[in-house]
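A short worksheet on the structure shown next.
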Amino acid sequence: MTFTRYVALGDSFTEGVGDDAPDLPNGVRGWADRVAAALAHSRPDLEYANLAIRGRKMGPIIDEQVAPAIAMRPDLVTIYAGANDILRPKVDIDAILAAYDAAVERLAASGAHTVLFTAHDPGGWPLFSGLRGRFAIYTEGVREIADRHGATIVDFWRMPDYRDERLWSFDRLHMSPAGHQRMAIAVLDTLGLEHSLVPLTLAPAPDLTVAQQRAENRRWIKEFAAPWIGRRLRGTSSGDGMTARYPEIGRFPG
Numbered sequence: 001m002t003f004t005r006y007v008a009l010g011d012s013f014t015e016g017v018g019d020d021a022p023d024l025p026n027g028v029r030g031w032a033d034r035v036a037a038a039l040a041h042s043r044p045d046l047e048y049a050n051l052a053i054r055g056r057k058m059g060p061i062i063d064e065q066v067a068p069a070i071a072m073r074p075d076l077v078t079i080y081a082g083a084n085d086i087l088r089p090k091v092d093i094d095a096i097l098a099a100y101d102a103a104v105e106r107l108a109a110s111g112a113h114t115v116l117f118t119a120h121d122p123g124g125w126p127l128f129s130g131l132r133g134r135f136a137i138y139t140e141g142v143r144e145i146a147d148r149h150g151a152t153i154v155d156f157w158r159m160p161d162y163r164d165e166r167l168w169s170f171d172r173l174h175m176s177p178a179g180h181q182r183m184a185i186a187v188l189d190t191l192g193l194e195h196s197l198v199p200l201t202l203a204p205a206p207d208l209t210v211a212q213q214r215a216e217n218r219r220w221i222k223e224f225a226a227p228w229i230g231r232r233l234r235g236t237s238s239g240d241g242m243t244a245r246y247p248e249i250g251r252f253p254g
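The sequence shown lines up with residues 1 to 254 when you count with UniProt numbering.
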């Protein structure tokens, strides 16, 4: 397969949060940019748009991103949506999957090759392990949607690499640069595309004492968990007031 017009849709996962790049729009890079760079290496005429915005739930992703994406006439679309819904105290998983199904049907009907992602398996992560059942139901639903519409599925759930904390950023919710690089490789490999990306070299895992681990947990609670919970209680989002990084399709800026 070869692609010349690639549009990425979704939330912080696709926007690139955790892969800091102060010189780029919204201060991040991310796996989608890395995929686009790899595609542009063999197709310098590649055009790219990234409409993802952090914090977006399923409804806003569909309402704000799907129609503009279709209007760009892409031949490749990646979309990841639903995680921010599942993280809320209450969620109707059947309803968000039904909405997702209808959106993917529209994308596939446009002629674009569509790529979906399962959720990451949160088992073993204290903050999110209690939501493992929700994520498992969502993941099976996404598999069914992909089957129904002939979409490619990147199986995040079955990537054991992400048990390594070094593939996650300090907030323990978003991928680190190494995590984004690994995801870019997974997308390209799943599509069967040749590329030269390799995993980033990881620094040795820190060997923390119990006291140091507790101090790090306290810092995480103060700097990330408390503000994150506060936003959920207030009904606000980290993406409020933000715009898409590359809202118009054009020659890959890298």
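Where is the CB? At the ideal position from N, CA and C, for every residue including glycine.
Sheet register partners of residue i (DSSP bridge)
i      : result
VAL17  : Answer is none; VAL17 lacks a bridge partner.
MET175 : TRP168
HIS113 : LEU76
Given residue i as reference, the closest of the options once Cα atoms are compared
i      : options                           : result
VAL91  : GLY59, ASP101, HIS120 and LEU116  : GLY59
ALA203 : LEU188, ARG166 and LEU191         : ARG166
GLU144 : PHE128, LEU131 and THR118         : THR118
ASP20  : GLU194, HIS174 and THR243         : HIS174
THR114 : GLN213, THR152 and GLY82          : THR152
VAL104 : PRO22, ARG88 and ALA69            : ALA69
ALA146 : ARG132, LEU131 and ALA102         : ALA102
LEU131 : VAL154, ILE93, ALA186 and PRO160  : ILE93
PHE156 : LYS222, ASP189, GLY55 and PHE3    : ASP189
ALA205 : ALA178, ASP164, LYS222 and SER238 : ASP164
LEU116 : PHE128, ARG148, LEU87 and ILE86   : ARG148
ALA244 : VAL17, ARG88, THR2 and PHE3       : VAL17
GLY55  : ARG219, PRO247 and PHE13          : PHE13
ALA67  : ALA178, THR2 and ALA8             : ALA8
ALA81  : ARG73, ARG219, LEU51 and PRO89    : LEU51
ARG218 : ASP171, PRO199 and LEU197         : ASP171
GLU15  : ALA38, ILE61 and LEU97            : ILE61
First through last residue of the alpha helix (DSSP H) which encompasses residue i
i      : result
ASN50  : Looking at the DSSP string, ASN50 is not in any alpha helix (DSSP H); the run it does join, the beta strand (DSSP E), is 47-50.
ASP68  : Correcting the residue identity first, residue 68 is Pro in this sequence and not Asp. Unbroken alpha helix (DSSP H) run through PRO68: 67-71.
HIS195 : No alpha helix (DSSP H) contains HIS195, which DSSP labels as neither H nor E.
HIS149 : 132-149
ILE86  : 83-86
Min CB distance residue i to chain C below 7 angstroms
i    : result
PHE3 : Here there is only one protein chain, and chain C is not present.
Residue i burial status per 10 Å Cβ neighbour count (16 or more: buried)
i           : result
SER169      : buried
SER176      : buried
LYS57       : buried
GLY10       : buried
residue 258 : Nothing in the structure corresponds to residue 258, since the chain is present only between 1 and 254.
Run of the beta strand (DSSP E) containing residue i, from where it starts to where it stops
i      : result
ALA8   : 5-10
TYR100 : TYR100 -> not in any beta strand (DSSP E); alpha helix (DSSP H) instead, spanning 93-109.
ILE79  : 76-80
ARG251 : 246-251
Contact the stretch 20-32 vs the stretch 134-144: 3+ CB pairs below 8 angstroms
The stretch 20-32, when compared against the stretch 134-144, does not touch it at the 8 angstroms Cβ threshold.
For this session: Give a yes or no on contact between the stretch 103-111 and the stretch 75-88, applying the rule of three or more CB pairs nearer than 8 angstroms.
Result: Taking a cut-off of 8 angstroms on C-beta distances, the stretch 103-111 touches the stretch 75-88, as three or more cross pairs fall below it.
ask   = Counting Cβ pairs, one atom from each stretch, are 3 or more of them under 8 angstroms apart for the stretch 182-189 and the stretch 204-215?
value = By the C-beta criterion, the stretch 182-189 is judged not to be in contact with the stretch 204-215, since fewer than 3 inter-stretch pairs fall below 8 angstroms.
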